[in-house]
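Numbering (my numbering), first residue to last: 1 to 142. Note that CB positions come from ideal geometry on N, CA and C, so glycine has one too. Computed from a prediction, not measured in an experiment: that's the story for all the values here. Below you'll find the structure, written out as structure tokens, and then a few comments.
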């Protein structure tokens with residue numbers, strides 16, 4: 001298992017993290033990434049923003065974009081927009097470290113739920129995923 005260290009994005013890591021951002025957002029431009037990262041750095045939230053994962057040598061291995069989401073009938077949620085993990089031999093350990101950190105941050109803010117941002121490009125796929133999840137309660141009398 002690869003040792004992984006997770007921190008929030010800093011201004012001096014914005015340009016370096018662009019290559020990983022492109023893996024998760026293939027159409028992202030360098031200027032677009034700088035703008036997104038700049039907004040997150042200018043308006044940091046207790047939960048949310050951009051988290052980076054590095055190995056023991058300081059090499060960038062992962063990126064996670066998340067935010068705090070208010071719910072109607074439940075406590076706040078951590079909303080994960082994108083998780084990008086890159087490692088030649090063990091990308092799962094990078095992903096696990098990023099998720100552990102976001103869960104810890106969310107828990108400190110009273111979050112009890114998680115939301116995943118998914119594209120609406122295929123309503124049938126989205127419907128199947130919603131109905132298969134814990135958020136769906138289907139009741140039938142006959």
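Item, Value
"Given residue 9 as reference, the closest of 54, 107, 114 and 22 once Cα atoms are compared", "54"
"Own chain partners of residue 30 with C-beta closer than 7 Å, once the 5 adjacent residues on each side are dropped", "18"
"Sheet register partners of residue 66 (DSSP bridge)", "49 and 80"
"Whole-angstrom distance between residue 45 and residue 39, CA atom to CA atom", "11 Å"
"CB-CB length for residue 80 against residue 117, believed under 8 Å", "7 Å"
"Simplified DSSP state of residue 61, which is helix, strand or coil", "strand"
"Cβ contact (3+ pairs, closer than 8 Å) linking the region 58-66 and the region 77-97", "yes"
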